[in-house]
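Protein chains in written order, with this note's numbering: chain Z, 380 to 640; chain C, 380 to 640; chain U, 380 to 640; chain V, 380 to 640. Each remark here refers to the structure printed beneath this line.
There are 4 protein chains.
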Amino acid sequence: MKEGELILLEDKKGKKYLFTLKKGGVFAFHKGKILHDEILKKRAGQTIVSSKGEELLILKPTLRDFVLKKLKRISQIIYPKDVGQILVLADIFEGAKVLEAGTGSGALTLYLIRAVGEKGKVISIDEREDMVENAKKNIEEFYQKRIEEIKSLTLKRQNLAEIEEKDFDRVILDLPDPWNYLKKVKEVLKEGGILACWLPTILQVFELTEKVEKEFSKDFVLEGIFETLQREWQKRKIALRPKDRMVAHTGFLIIFRKLKS
Amino acid sequence: MKEGELILLEDKKGKKYLFTLKKGGVFAFHKGKILHDEILKKRAGQTIVSSKGEELLILKPTLRDFVLKKLKRISQIIYPKDVGQILVLADIFEGAKVLEAGTGSGALTLYLIRAVGEKGKVISIDEREDMVENAKKNIEEFYQKRIEEIKSLTLKRQNLAEIEEKDFDRVILDLPDPWNYLKKVKEVLKEGGILACWLPTILQVFELTEKVEKEFSKDFVLEGIFETLQREWQKRKIALRPKDRMVAHTGFLIIFRKLKS
Amino acid sequence: MKEGELILLEDKKGKKYLFTLKKGGVFAFHKGKILHDEILKKRAGQTIVSSKGEELLILKPTLRDFVLKKLKRISQIIYPKDVGQILVLADIFEGAKVLEAGTGSGALTLYLIRAVGEKGKVISIDEREDMVENAKKNIEEFYQKRIEEIKSLTLKRQNLAEIEEKDFDRVILDLPDPWNYLKKVKEVLKEGGILACWLPTILQVFELTEKVEKEFSKDFVLEGIFETLQREWQKRKIALRPKDRMVAHTGFLIIFRKLKS
Amino acid sequence: MKEGELILLEDKKGKKYLFTLKKGGVFAFHKGKILHDEILKKRAGQTIVSSKGEELLILKPTLRDFVLKKLKRISQIIYPKDVGQILVLADIFEGAKVLEAGTGSGALTLYLIRAVGEKGKVISIDEREDMVENAKKNIEEFYQKRIEEIKSLTLKRQNLAEIEEKDFDRVILDLPDPWNYLKKVKEVLKEGGILACWLPTILQVFELTEKVEKEFSKDFVLEGIFETLQREWQKRKIALRPKDRMVAHTGFLIIFRKLKS
Numbered sequence: 380m381k382e383g384e385l386i387l388l389e390d391k392k393g394k395k396y397l398f399t400l401k402k403g404g405v406f407a408f409h410k411g412k413i414l415h416d417e418i419l420k421k422r423a424g425q426t427i428v429s430s431k432g433e434e435l436l437i438l439k440p441t442l443r444d445f446v447l448k449k450l451k452r453i454s455q456i457i458y459p460k461d462v463g464q465i466l467v468l469a470d471i472f473e474g475a476k477v478l479e480a481g482t483g484s485g486a487l488t489l490y491l492i493r494a495v496g497e498k499g500k501v502i503s504i505d506e507r508e509d510m511v512e513n514a515k516k517n518i519e520e521f522y523q524k525r526i527e528e529i530k531s532l533t534l535k536r537q538n539l540a541e542i543e544e545k546d547f548d549r550v551i552l553d554l555p556d557p558w559n560y561l562k563k564v565k566e567v568l569k570e571g572g573i574l575a576c577w578l579p580t581i582l583q584v585f586e587l588t589e590k591v592e593k594e595f596s597k598d599f600v601l602e603g604i605f606e607t608l609q610r611e612w613q614k615r616k617i618a619l620r621p622k623d624r625m626v627a628h629t630g631f632l633i634i635f636r637k638l639k640s
Numbered sequence: 380m381k382e383g384e385l386i387l388l389e390d391k392k393g394k395k396y397l398f399t400l401k402k403g404g405v406f407a408f409h410k411g412k413i414l415h416d417e418i419l420k421k422r423a424g425q426t427i428v429s430s431k432g433e434e435l436l437i438l439k440p441t442l443r444d445f446v447l448k449k450l451k452r453i454s455q456i457i458y459p460k461d462v463g464q465i466l467v468l469a470d471i472f473e474g475a476k477v478l479e480a481g482t483g484s485g486a487l488t489l490y491l492i493r494a495v496g497e498k499g500k501v502i503s504i505d506e507r508e509d510m511v512e513n514a515k516k517n518i519e520e521f522y523q524k525r526i527e528e529i530k531s532l533t534l535k536r537q538n539l540a541e542i543e544e545k546d547f548d549r550v551i552l553d554l555p556d557p558w559n560y561l562k563k564v565k566e567v568l569k570e571g572g573i574l575a576c577w578l579p580t581i582l583q584v585f586e587l588t589e590k591v592e593k594e595f596s597k598d599f600v601l602e603g604i605f606e607t608l609q610r611e612w613q614k615r616k617i618a619l620r621p622k623d624r625m626v627a628h629t630g631f632l633i634i635f636r637k638l639k640s
Numbered sequence: 380m381k382e383g384e385l386i387l388l389e390d391k392k393g394k395k396y397l398f399t400l401k402k403g404g405v406f407a408f409h410k411g412k413i414l415h416d417e418i419l420k421k422r423a424g425q426t427i428v429s430s431k432g433e434e435l436l437i438l439k440p441t442l443r444d445f446v447l448k449k450l451k452r453i454s455q456i457i458y459p460k461d462v463g464q465i466l467v468l469a470d471i472f473e474g475a476k477v478l479e480a481g482t483g484s485g486a487l488t489l490y491l492i493r494a495v496g497e498k499g500k501v502i503s504i505d506e507r508e509d510m511v512e513n514a515k516k517n518i519e520e521f522y523q524k525r526i527e528e529i530k531s532l533t534l535k536r537q538n539l540a541e542i543e544e545k546d547f548d549r550v551i552l553d554l555p556d557p558w559n560y561l562k563k564v565k566e567v568l569k570e571g572g573i574l575a576c577w578l579p580t581i582l583q584v585f586e587l588t589e590k591v592e593k594e595f596s597k598d599f600v601l602e603g604i605f606e607t608l609q610r611e612w613q614k615r616k617i618a619l620r621p622k623d624r625m626v627a628h629t630g631f632l633i634i635f636r637k638l639k640s
Numbered sequence: 380m381k382e383g384e385l386i387l388l389e390d391k392k393g394k395k396y397l398f399t400l401k402k403g404g405v406f407a408f409h410k411g412k413i414l415h416d417e418i419l420k421k422r423a424g425q426t427i428v429s430s431k432g433e434e435l436l437i438l439k440p441t442l443r444d445f446v447l448k449k450l451k452r453i454s455q456i457i458y459p460k461d462v463g464q465i466l467v468l469a470d471i472f473e474g475a476k477v478l479e480a481g482t483g484s485g486a487l488t489l490y491l492i493r494a495v496g497e498k499g500k501v502i503s504i505d506e507r508e509d510m511v512e513n514a515k516k517n518i519e520e521f522y523q524k525r526i527e528e529i530k531s532l533t534l535k536r537q538n539l540a541e542i543e544e545k546d547f548d549r550v551i552l553d554l555p556d557p558w559n560y561l562k563k564v565k566e567v568l569k570e571g572g573i574l575a576c577w578l579p580t581i582l583q584v585f586e587l588t589e590k591v592e593k594e595f596s597k598d599f600v601l602e603g604i605f606e607t608l609q610r611e612w613q614k615r616k617i618a619l620r621p622k623d624r625m626v627a628h629t630g631f632l633i634i635f636r637k638l639k640s
C-alpha cells in the first residue's frame with residue numbers, strides 16, 4: 380500500500396471502512412486504533428490487528444465500495460445495481476462520447492469514465508455549482524489525481540439547454556424533467572444513438588414516454604422501460620437463504636433510440 | 380452503413396432483425412424483401428421500406444442486441460442483465476487482467492473485452508473445442524475482424540487446471556464445479572483480487588461457499604451472493620404497466636476476495 | 380368418487396386435467412382414454428392407467444385448480460396469488476357481508492363465498508348479462524348445485540350505481556373506473572369498513588388515489604397500495620432453482636378504510 | 380365501541396396503535412393522552428383528538444393489524460402475506476379439518492380458525508408449553524373470549540409424533556424438520572389431502588423434497604415450491620413509486636398431495 384491510496388478495511392462480519400492512507404495518520408473505530416504507517420507496510424489481501432485485538436482485512440476498494448461507502452452524497456445517487464443496467468442497456472462502449480446531465484454526486488460519472496476508457500469522452504454537466512464541486516471532489520478522491528488530469532472527462536456547471544458540444548453516441552439524463560430537453564437531445568445525439576433517462580417515479584415515466592409519442596415520434600423510438608431488483612443471499616453454516624430485507628425501488632430506466640433528424 | 384457491418388432492422392412493434400450487410404445480399408422476412416444495396420445507401424436512424432410496404436428502422440446493433448439476437452448459442456449464455464451485475468460486482472476496470480473460464484458462447488467475453496479496453500487483457504478458456512470455435516466466430520462477427528487482431532483477448536481451448544498465466548486482477552468462473560478449482564484460482568489471482576462465480580442452482584452455491592469456508596477460509600473471503608431480477612414495463616396509450624411475464628431466474632453470482640497467500 | 384363430482388387427473392409431469400364425472404363418460408387425451416366408470420370405482424389419492432398405459436393420479440381439485448384449469452373465462456380473472464392477498468388485506472372474515480363489483484368470470488366470487496362462510500353474505504354484481512351468466516355457470520359447476528342453493532350468495536346483473544343493499548363490511552371493486560363510484564361506496568360501506576380496488580395499470584392507481592385525496596379525504600383513508608410476485612421453484616434431482624419464467628404482473632391492490640359519514 | 384374490544388388508533392402518517400378498551404383506561408403516546416372513556420363514546424370511522432391536539436382515526440383492527448401490531452411473538456411468525464398464499468395453495472376451505480404443527484405464536488392459527496369457520500376444525504399443536512400458553516393468550520385477546528369457547532379450535536402441547544386424531548383434510552407443518560414426520564403425516568392425512576410445509580432456508584427445502592422423492596414417493600406427490608414477494612407503493616402528491624425497502628424473504632412454501640396408503 381502507498382501513501383495517498385484509498386484503502387478498505389473489512390472486519391469479520393463484512394463491515395467495511397474506507398479512507399485515504401496518510402503518513403502519521405490514525406484510523407480509530409469502536410474496536411480500537413490502527414496506525415496508517417502500519418498499514419503502509421502491508422499489501423492488499425493481508426490482515427492487520429487493531430489496538431483492541433480486532434483483525435481486519437486490507438483491501439483496495441472496488442468502485443462500488445467507494446460509491447457506497449465513501450462518495451459524499453448531496454443528492455440521491457444512482458446505485459451500482461442500476462449502473463450495471465445502464466452500462467448494458469445504454470450500451471456504453473470503449474471509445475464512446477457520452478453526455479451525462481446531471482452529474483449529481485458523480486456516482487454514475489465514475490463508472491462512465493471507466494466504461495468509455497481513455498479513448499472515450501464523458502461530458503458531465505449539472506446546473507448546480509455545489510453539485511459540480513462535490514462531484515469533482517469525489518472523482519478526484521477516487522482517482523487520487525486532479526480532475527484536469529482525467530483527460531476523458533469534462534465536468535462543468537451548465538444547464539442542458541446551454542450545451543454546445545454535439546455528436547454524442549449516448550446521452551444519459553438524470554434530471555427531474557427530461558421531457559423539457561428532448562429538443563436539445565435531438566440536436567446533440569447522433570442518429571441511431573441512445574438516450575437513457577433515469578426517473579424515480581412512475582408518473583415521470585408516463586410524462587416522458589407520452590411526450591415522445593405525441594411530439595417526438597419522428598425523433599425517438601422507445602426501446603424499453605426497465606426496473607431492476609437485486610436480492611442478496613446469506614449463509615450461516617447450513618442456513619442458506621435470501622437476506623430478510625432488500626431495496627425495493629430506486630428508479631426506472633427508459634431507453635430510446637434517436638432517429639434521423 | 381458499410382459493407383461487412385452488422386445491421387439491425389426494427390419494425391414498428393419492436394421486433395428486431397440482425398445481420399451482416401453484403402453487396403448484392405437480400406434480407407427476406409414475412410413482410411417482404413429488402414436489398415442490402417438499398418440499406419448501404421442509408422444511415423443509422425433512417426428508415427427503409429420492404430417490398431410489401433413495411434417500414435423498418437435502420438440501426439447499429441448494441442452489444443446486447445447482438446448477444447440476444449445473433450450470437451450463436453451452443454450453451455446457456457450469461458444474459459446482459461447479469462453481465463451488468465458482473466461488471467459492477469466483480470469491479471471490471473479499464474486495464475484489468477481478467478481470466479474467464481469457461482468461455483461458453485462468448486457472451487460475457489464480448490462484454491469483458493469492452494470493459495477492460497485496449498489496455499487490459501482478457502484470457503478466456505474453455506475445455507471444449509467446439510465452444511472455443513463457436514465463441515471465436517461470434518466474437519469475430521461482432522468485431523468484424525479476425526480474432527488475432529483483438530490484441531486484448533486470448534481465447535483458447537484449455538482446462539482451468541492447466542492455465543499458466545498468473546497475476547490476474549479478476550477471475551470469473553462459469554463452470555459447473557468451481558469448487559474443484561479453488562486451489563488453482565488461489566495461485567493465479569492477485570492478492571486482494573476478485574473471484575466471481577456464476578451458478579444456476581442453489582446447491583451449487585452451497586457447495587462452493589461451504590468448500591471455501593471449510594478448506595479455503597484463509598484464501599478467500601465471501602463478499603456476497605446475488606441474484607438479479609429485471610422487470611420491463613409496457614405502455615399502450617395510457618395503459619402503463621409491467622409486462623405480463625418476466626425471466627424469473629438465470630443464476631446466482633457469488634463474489635469472493637482473495638486473501639494473501 | 381361420485382357421479383357429478385369434479386375430478387382432477389394429474390400425470391407424472393404435473394400436467395392436470397379437470398372435468399366432471401359422468402356415468403358412461405370417456406376422458407380422452409394424447410396418452411389414450413380413460414372410462415369415467417373406471418374412475419368412479421376409485422378413491423382420491425389412487426392412480427388409474429389409460430388405454431395407452433399412462434398412469435394418472437386421481438384427486439379432488441382445489442379451488443385454485445378449478446380457477447386455473449376449468450373456470451370459463453370471458454374476462455381477465457383475479458389470480459389465486461392475488462386472491463390470497465385480497466383475503467388478508469381486505470380482511471375477509473367469517474360472517475362478513477361483502478359486495479363485489481364486477482363479478483367477471485367469478486374467480487374471486489368463489490373464494491369470497493368460501494371465506495365468509497354460511498353465516499356471511501356475498502353480493503356480487505356485474506353490469507354485463509353475459510358475465511353474470513358465465514359466472515353463474517362456473518359457480519354452479521364448482522359447487523355442483525344450483526346457484527339458488529348457495530344461500531350466502533346473491534349474483535345479479537346490476538351497475539354499482541343502482542345497488543340498494545347497504546351496510547357492507549367490505550366492498551371489492553374490480554372495475555376499470557372505481558373513482559366514479561366512490562360516492563356510492565361511501566353510502567353502502569359501513570363506517571370503518573374496508574374498500575379494496577383491483578386495477579391493472581398504474582395510471583388507474585393514480586387517478587383513484589388522487590380522487591380520494593382531493594374529493595373524498597373525509598370519507599376514505601388510504602391504507603396501502605400493493606403488488607404481489609409469486610416465484611415458483613423446481614427440483615430435478617439435485618438441481619434446485621427457481622423456474623425460468625414467472626408472471627411479472629397481474630394488478631395493483633389498493634386498500635382504503637371508510638371514515639364516518 | 381364497547382369495553383373489552385380491541386381498538387386501533389391511526390394517525391395521519393398511518394402509524395397504528397392497538398389496544399383493548401377498558402373503562403377508566405388511559406392511552407398515552409408521544410403526542411399526548413386519550414381517555415378510553417372518550418373512545419367508548421365514539422364509533423369506528425370517527426376521529427378523536429389527543430390532549431396535545433393530535434387527531435387520530437378510530438378503527439376496529441383487521442386480523443392483519445392484530446398479527447402485525449399486537450400479537451405477542453416468542454417465535455418467528457408466518458406473515459400475513461404468506462398466510463394469504465397458504466390459504467389458497469393449501470386450499471383451506473369452510474368446514475375443513477386442519478392440523479397445524481407447530482403453533483408458534485398463533486398467527487397462522489388465527490387465520491385458520493377464520494378460514495375453516497364454525498363448521499370446521501383446527502387442531503394446533505406445539506411441543507413447547509410456553510408457545511402454547513402464549514398462543515392461547517394471543518387468540519383469547521383477538522377473540523375477546525376464553526379459548527374453550529372457540530369450539531372449532533383445539534390447542535395443545537404435543538409433539539406431532541404423539542398425535543392421535545386422524546382424517547385431516549389438510550396438514551400444515553411449521554417445523555424445522557418436517558422430513559422426520561412424513562410417516563406420521565401419511566397416517567393422519569386423508570387420501571388426496573394436502574400437506575403444506577413452511578421452511579425458512581433452502582437446504583431444508585432440499586432435504587424435505589429429497590426425502591419425499593427417495594422414501595415417500597408412493598405417499599406424497601410434490602405440487603410446488605413457492606415464495607411470495609409483496610411490494611408496497613407510496614404516493615406523495617404526484618410522486619407515485621414503490622417504497623424504498625421491502626421484505627425480501629420470509630420462507631418457502633412447499634405443497635404436497637397425499638396418495639392412497
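By construction, the Cβ of each residue, glycine as well, lies at the ideal position given by its N, Cα and C atoms. No experiment lies behind these values; they were computed from the predicted model shown.
For chain U, check one thing: does any of its Cβ atoms lie closer than 8 Å to the Cβ of residue i?
i, result
"Z:Ile551", "no"
Which residue from the options puts its Cα closest to that of residue i?
i, options, result
"Z:Ala486", "Z:Ile457, Z:Arg549 and Z:Val495", "Z:Ile457"
"U:Gly424", "V:Tyr522, V:Ile453 and V:Asp598", "V:Asp598"
"V:Arg422", "V:Ser454, V:Glu497, V:Ile386 and V:Lys431", "V:Ile386"
"C:Ile529", "C:Ala480, C:Glu473 and C:Glu497", "C:Glu497"
"C:Gly404", "C:Glu382, C:Glu544, C:Glu434 and C:Ile551", "C:Glu382"
"C:Trp558", "C:Glu433, C:Ile453, C:Ser429 and C:Phe635", "C:Phe635"
"U:Thr580", "U:Phe595, U:Ile604 and U:Tyr560", "U:Ile604"
Residues of chain U with a CB under 7 Å from the CB of residue i: which are they?
i, result
"V:Gly571", "Ala423, Gly424, Leu438 and Lys439"
Does any residue of chain C bring its CB to less than 8 Å from the CB of residue i?
i, result
"U:Thr588", "no"
"Z:Thr607", "yes"
Below 8 Å on C-beta distance, what does residue i contact in chain V?
i, result
"U:Leu638", "Gly424, Gln425, Thr426 and Leu436"
Could you tell me whether the Cβ of residue i comes closer than 8 Å to any Cβ of chain V?
i, result
"U:Trp612", "yes"
If the cut is a Cβ gap below 9 Å, which residues of chain C does residue i touch?
i, result
"V:Leu582", "Ile581, Leu582 and Phe585"
Would you mind telling me which residues of chain V sit closer than 7 Å to residue i, beta carbon to beta carbon, in chain order?
i, result
"Z:Ala627", "Arg610, Pro621, Lys622, Asp623, Arg624 and Met625"
Using a Cβ cut-off of 8 Å (strictly closer), state whether residue i contacts chain Z.
i, result
"C:Leu489", "no"
"C:Gln464", "yes"
Return the Cβ separation of residue i and residue j in integer angstroms, given the expectation that the two are a contact with Cβ distance under 8 Å.
i, j, result
"Z:Lys451", "Z:Lys516", "7 Å"
What does residue i reach in chain U if we use C-beta pairs closer than 9 Å?
i, result
"V:Leu443", "Looking at the sequence shown, residue 443 of chain V is not Leu but Arg. Within chain U, the residues near V:Arg443 are Val467, Leu468 and Asp470."
Whose Cβ in chain U lies nearer than 8 Å to the Cβ of residue i?
i, result
"V:Pro555", "What V:Pro555 touches in chain U: nothing, since even the nearest Cβ is about 18 Å away."
Inspect the CB distances between the segment 381–400 of chain V and the segment 439–448 of chain V and report whether three or more fall short of 8 Å.
yes
Closer than 8 Å is the cut-off here; do at least three beta carbon pairs connect the segment 464–484 of chain C with the segment 434–441 of chain C?
no
Answer yes if the segment 611–626 of chain Z comes into contact with the segment 627–638 of chain V, meaning at least three C-beta pairs across the two stretches below 8 Å, and no otherwise. Yes: at least three Cβ pairs fall under 8 Å.
Cβ contact (3+ pairs, closer than 8 Å) linking the segment 577–597 of chain U and the segment 572–585 of chain V:
They do not touch, by the three-pair rule.
For the segment 564–573 of chain U against the segment 540–551 of chain U, do three or more pairs of beta-carbon atoms, one drawn from each stretch, fall closer than 8 Å, so that the two count as touching? yes
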